[in-house]
DNA sequence: TAGTGGTCTAGACCACGTT
DNA sequence: ACGTGGTCTAGACCACTAG
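Take a look at the structure:
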């Protein structure tokens with residue numbers, strides 16, 4: 071295929087004329103296939119040469135598209151084996167989105183969660199805004215307690231759009247082993263690929279203090295998260311309260 | 071230059087025989103030049119073709135080396151202009167390593183800092199370990215109060231190796247406009263390129279509460295940071311206490 | 001041995017910024 | 001018009017994994 075500006079080929083803009091390189095267009099097509107479920111989490115995608123033939127471009131162009139998707143953790147490259155769709159199942163012990171780490175690395179964090187509640191709610195204005203749905207739309211609400219190293223350490227409140235997570239009940243949650251995001255992939259076809267968090271220090275209220283075995287007013291980390299699937303669609307709101315006297319939230323700055 | 075395994079070319083291992091691609095070797099040479107100060111923060115480095123000639127490799131190989139350095143924020147590419155050494159000066163308003171953001175984005179955070187203390191200390195065992203120096207080595211200790219939006223919001227304590235930051239006094243700090251890391255680049259030739267943070271929720275003690283205009287016991291974010299220069303050498307320890315009732319620490323997960 | 005991703009090259013042309 | 005980074009191609013060969 072020849073290379074030219076946006077008026078040519080896939081993804082040409084209608085009138086804006088924003089230049090979009092070929093590999094970006096290929097990348098968008100790959101994401102589209104991922105979103106459509108053509109290749110599922112954990113599976114391998116076709117080889118670079120196969121994709122090059124399919125899209126009628128050179129291997130190098132496919133390569134660059136895959137490179138970016140691998141950098142964004144949508145795909146995982148394995149030399150000699152192939153390129154695989156990222157999954158929250160493999161990360162198993164090391165929860166991909168949980169940045170809580172023991173101060174003392176010897177304490178292997180055996181995570182274990184207890185469902186405290188699983189009910190239906192209607193979306194408040196705030197949650198509707200974040201999930202890009204309408205106020206009053208049906209939500210599934212989950213409240214759970216997580217133990218790290220046999221000690222209650224995290225309380226999570228989770229809000230999900232009910233239409234997408236139809237059939238998500240307390241029973242399903244209790245039977246689930248491993249990360250919640252793994253369940254979302256397997257049972258509901260929702261892959262979480264990115265999240266934004268806002269972190270604050272707050273004081274534990276009476277109820278929370280009771281669950282976490284601390285006194286009322288004890289300082290906790292409040293982590294407000296919005297998780298996104300393919301195409302930057304928000305799919306989950308989560309508020310986590312972390313006990314950070316023996317754990318900390320780790321972060322890298324570049 | 072031909073392409074072969076580690077026994078060939080620059081960077082060949084002595085006996086371990088770990089394979090190192092050419093572009094990784096070029097990358098290491100570039101970092102070496104950056105560290106040596108051949109190109110200073112804000113300046114441009116030679117063009118890709120010049121570097122290709124200098125290292126006797128193809129432009130594509132130099133390109134891949136620069137790509138990775140740009141991804142790590144050591145270099146900044148600007149189409150049509152050149153490739154520049156990253157600096158903490160340009161980031162000016164948007165402090166590169168400060169993740170504190172107003173809950174209400176309208177509140178433009180006018181940062182302004184007051185030096186509370188600048189003295190000499192000897193390294194404790196803990197700080198010596200983190201800075202990879204010896205216990206008892208000379209340190210410069212800085213304590214400062216930062217105002218965001220005309221409200222005291224952050225208290226920082228900073229520990230620096232005295233031999234590297236010779237001549238860093240209270241006067242120098244007070245006269246400095248802009249980010250501290252900009253001062254480090256200009257006056258001491260130290261470029262901070264990466265940092266690791268550990269975040270916890272703690273209760274304000276009496277002294278801190280007084281500085282931040284809150285009551286004792288008020289929940290604060292405690293951010294412990296280690297900053298690194300070229301070659302992963304730790305060069306700064308920092309403990310920040312953040313008031314997060316109107317601000318939050320933002321983070322992206324991938 | 002075959003297939004996959006990973007590296008390297010050489011050359012052509014495009015987009016952007018400056019002169 | 002020129003120089004810079006950005007995109008694309010085609011082809012060769014290397015490294016890793018599996019059958």
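Chains as they are written, first to last, in our numbering: chain A, 71 to 324; chain B, 71 to 324. Ideal Cβ positions, reconstructed from N, Cα and C, are used throughout, including at glycine.
(1) Nearest chain A C-beta to residue 222 of chain B closer than 9 Å, yes or no?
(2) Taking only three categories from DSSP, how would you classify residue 152 of chain A?
(3) Against residue 318 of chain B, what residues of chain A qualify as contacts under a CB-to-CB distance less than 7 Å, listed in chain order?
(4) Excluding the 5 residues preceding and the 5 following residue 275 of chain B in the sequence, name in chain order all residues of the same chain whose CB lies nearer than 8 Å to its CB.
(5) If you follow the beta strand (DSSP E) that residue 218 of chain B is part of, which residue opens it and which one closes it?
(6) Give a yes or no on whether the minimum CB-CB distance between residue 169 of chain B and chain A is below 9 Å.
(7) If we call anything under 9 Å between Cβ atoms a contact, is residue 218 of chain B one with residue 172 of chain B?
(8) Only counting runs of 4 or more residues, tell me where the alpha helix (DSSP H) segments fall wholly within the stretch 85-148 of chain A, in order along the chain.
(9) Using C-beta distances below 6 Å, list every residue in its chain close to residue 125 of chain B, excluding the 5 sequence neighbours before and after it, in chain order.
(10) What residues in its chain sit with their C-beta under 6 Å from that of residue 143 of chain A, if we drop five residues either side in the sequence?
(11) Candidates B/301, B/311, B/263 and B/252: which alpha carbon is nearest residue 280 of chain B's?
(12) Considering Cα atoms alone, identify which of A/92, A/131, A/91 and A/139 is closest to residue 103 of chain A.
(13) From residue 137 of chain A to residue 250 of chain B, what does the alpha carbon distance come to, in whole angstroms?
(14) Looking at the structure shown, is residue 192 of chain A part of a helix, part of a strand, or coil, going by DSSP?
(15) How many angstroms separate the CA atom of residue 234 of chain B from the CA atom of residue 258 of chain B?
(16) Does the beta carbon of residue 315 of chain A come closer than 9 Å to any beta carbon on chain B?
(17) By a C-beta neighbour count over all protein chains shown, 10 Å radius and 16 as the cutoff for buried, is residue 197 of chain B buried or exposed?
(18) Based on DSSP bridge pairs, tell me the residues matched to residue 172 of chain A.
(19) What does the alpha-carbon distance come out to for the pair residue 220 of chain A and residue 296 of chain B?
(20) Does the beta carbon of residue 322 of chain B come closer than 9 Å to any beta carbon on chain A?
(21) For residue 256 of chain A, which three-state DSSP category applies?
(22) Would you mind sorting residue 175 of chain B into buried or exposed? The rule is 16 or more other CB atoms within 10 Å of its CB.
(23) Per DSSP, what kind of secondary structure is residue 300 of chain A in: helix, strand or coil?
(24) Taking 9 Å as the CB-CB cut-off, is residue 230 of chain A touching chain B?
(25) So, residue 376 of chain A versus residue 299 of chain A, is the Cβ gap smaller than 9 Å?
(26) Which residues, in order along the stretch 134-162 of chain B, keep a beta-carbon less than 8 Å from a beta-carbon of chain A?
(27) Which residue marks the beginning of the beta strand (DSSP E) containing residue 224 of chain B, and which one marks its end?
(28) Can you name the residues that DSSP bridges to residue 292 of chain A?
(29) Going along the chain, which residues of the stretch 277-291 of chain B sit with their C-beta nearer than 9 Å to a C-beta in chain A?
(30) Measuring only the C-alpha atoms, how far is residue 180 of chain B from residue 267 of chain A?
(31) Output needed in chain order: residues of the stretch 196-227 of chain A with a Cβ under 8 Å from some Cβ in chain B.
(32) Less than 9 Å separating the beta-carbons of residue 252 of chain A and residue 159 of chain A?
(33) Name, please, each residue of chain A whose Cβ falls closer than 7 Å to the Cβ of residue 36 of chain B.
(34) Determine the closest residue to residue 190 of chain A out of A/231, A/204 and A/153, with distance taken between C-alpha atoms.
(35) Give the straight-line distance between the Cα atoms of residue 182 of chain A and residue 323 of chain A, rounded to the nearest whole angstrom.
(36) Within 8 Å: the Cβ of residue 258 of chain B and any heavy atom of the ligand MN?
By the coordinates alone:
(1) Taking Cβ atoms only, chain A never reaches closer than 9 Å to residue 222 of chain B, which makes this a no.
(2) Residue state for residue 152 of chain A is assigned as strand, using DSSP reduced to three classes.
(3) The contacting residues are 268, 269 and 270.
(4) These residues qualify, in order along the chain: 286.
(5) Its beta strand (DSSP E) spans residues 208-218.
(6) Closer than 9 Å to some Cβ of chain A, the Cβ of residue 169 of chain B qualifies, so yes.
(7) Closer than 9 Å, so yes.
(8) Taken in chain order, the whole alpha helix (DSSP H) runs of length 4 or more contained in the stretch 85-148 of chain A are 92-106, 118-125 and 129-141.
(9) Once the five neighbours on either side are set aside, the close Cβ partners of residue 125 of chain B are 96.
(10) Cβ within range, chain order: 156.
(11) Taking each of B/301, B/311, B/263 and B/252 in turn and checking the Cα distance to residue 280 of chain B, the smallest one comes out for B/311.
(12) Looking at the Cα atoms, A/139 is the closest of the given residues.
(13) Roughly 35 Å between the two C-alpha positions.
(14) Collapsing the DSSP output to three states places residue 192 of chain A in a strand.
(15) Spanning the two alpha carbons is a distance of roughly 7 Å.
(16) Residue 315 of chain A counts as touching chain B.
(17) The residue in question, residue 197 of chain B, is buried, as its Cβ has 16 or more Cβ neighbours within 10 Å.
(18) In DSSP, residue 172 of chain A forms a bridge with A/317.
(19) Spanning the alpha carbons of residue 220 of chain A and residue 296 of chain B requires a straight line of approximately 30 Å.
(20) Residue 322 of chain B counts as touching chain A.
(21) Under the three-state reduction of DSSP output, residue 256 of chain A falls in the helix class.
(22) Residue 175 of chain B comes out exposed.
(23) If DSSP states are grouped into helix, strand and coil, residue 300 of chain A belongs with the helices.
(24) Any Cβ of chain B closer than 9 Å to the Cβ of residue 230 of chain A would place that residue at the interface, and such an atom is absent.
(25) The structure shown does not extend to residue 376 of chain A, since chain A is modelled only from 71 to 324, so the question has no answer here.
(26) With the criterion set as a beta carbon lying under 8 Å from some beta carbon of chain A, the members of the stretch 134-162 of chain B are 141, 142 and 143, in sequence order.
(27) 222-231 is the span of the beta strand (DSSP E), which, as asked, contains residue 224 of chain B.
(28) Beta-bridge pairing links residue 292 of chain A to A/270 and A/311.
(29) Contact annotation: in the stretch 277-291 of chain B, residues whose CB is within less than 9 Å of a CB in chain A are 287, 288, 289, 290 and 291.
(30) Approximately 23 Å between the Cα atoms of the pair.
(31) Among the residues of the stretch 196-227 of chain A, none has a Cβ less than 8 Å away from any Cβ of chain B.
(32) In this structure, residue 159 of chain A lies closer than 9 Å to residue 252 of chain A by Cβ.
(33) It is not possible to answer for residue 36 of chain B, since the shown part of chain B is limited to 71 through 324.
(34) Residue A/231 holds the alpha-carbon nearest to the alpha-carbon of residue 190 of chain A among A/231, A/204 and A/153.
(35) When the Cα atoms are used, residue 182 of chain A and residue 323 of chain A turn out to be separated by approximately 29 Å.
(36) As for the ligand MN, it is missing from this structure, which has no ligand bound.
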